[in-house]
Amino acid sequence: LISYTTNKFPSEYVPTVFDNYAVTVMIGDEPYTLGLFDTAGQEDYDRLRPLSYPQTDVFLVCFSVTSPASFENVREKWFPEVHHHCPGVPCLIVGTQTDLRDDPSVREKLAKQKMQPVRKEDGERMAKELGAVK
Numbered sequence: 001l002i003s004y005t006t007n008k009f010p011s012e013y014v015p016t017v018f019d020n021y022a023v024t025v026m027i028g029d030e031p032y033t034l035g036l037f038d039t040a041g042q043e044d045y046d047r048l049r050p051l052s053y054p055q056t057d058v059f060l061v062c063f064s065v066t067s068p069a070s071f072e073n074v075r076e077k078w079f080p081e082v083h084h085h086c087p088g089v090p091c092l093i094v095g096t097q098t099d100l101r102d103d104p105s106v107r108e109k110l111a112k113q114k115m116q117p118v119r120k121e122d123g124e125r126m127a128k129e130l131g132a133v134k
């Protein structure tokens with residue numbers, strides 16, 4: 001979110017507890033203010049995180065294509081949590097770091113663990129199975 005709202009990558013990783021950003025986007029000729037909330041995924045925040053959910057119009061459930069574990073968390077953690085607290089609110093599944101999917105060092109690191117990057121087809125299949133919006 002930092003990269004999207006500031007048009008630059010942070011120089012180092014900054015762990016999130018709860019961050020929010022606002023950015024204006026144009027849809028046709030109309031400006032809209034998009035409020036983006038980034039919440040902590042750690043188990044320590046499982047009770048605090050849902051406090052940021054009320055009045056959400058759409059959820060972007062993100063995972064890294066270079067982390068099969070984060071992809072599985074979409075099904076095992078994020079979709080159930082979001083639908084429990086906000087039934088009926090649309091969800092999009094977003095694969096991040098797609099530029100690294102074919103990176104040789106990333107592929108080698110995953111191969112050592114008998115894994116591979118998440119394929120586009122896998123993301124599309126999960127989205128369909130979970131009823132994510134397109």
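Numbered as in UniProt numbering, the sequence shown ends at 134 without a single skipped number. Ideal placement from N, C-alpha and C gives every residue a C-beta, glycine not left out.
Reduced DSSP category for residue i - H, G, I as helix; E, B as strand; rest coil
i       : result
Asn-20  : strand
Gly-88  : coil
Thr-98  : helix
Pro-117 : coil
Val-58  : coil
Asp-38  : strand
Val-65  : coil
Val-106 : helix
Lys-134 : coil
For residue j and residue i, believed in contact at Cβ under 8 Å, the rounded distance
i           : j       : result
Arg-107     : Gln-116 : 7 Å
Phe-71      : Phe-79  : The pair is not a contact, with the Cβ atoms about 12 Å apart (cut-off 8 Å).
residue 182 : Asp-19  : No answer is possible for residue 182: the residues shown for the chain start at 1 and end at 134.
Cross-strand partners of residue i (DSSP beta bridge)
i       : result
Met-126 : For Met-126, which the question treats as bridged, DSSP gives no partner whatsoever.
Tyr-32  : Val-25
Quiz item: Between the stretch 83-90 and the stretch 48-65, do at least 3 Cβ pairs fall closer than 8 Å?
Solution: Touching, yes.
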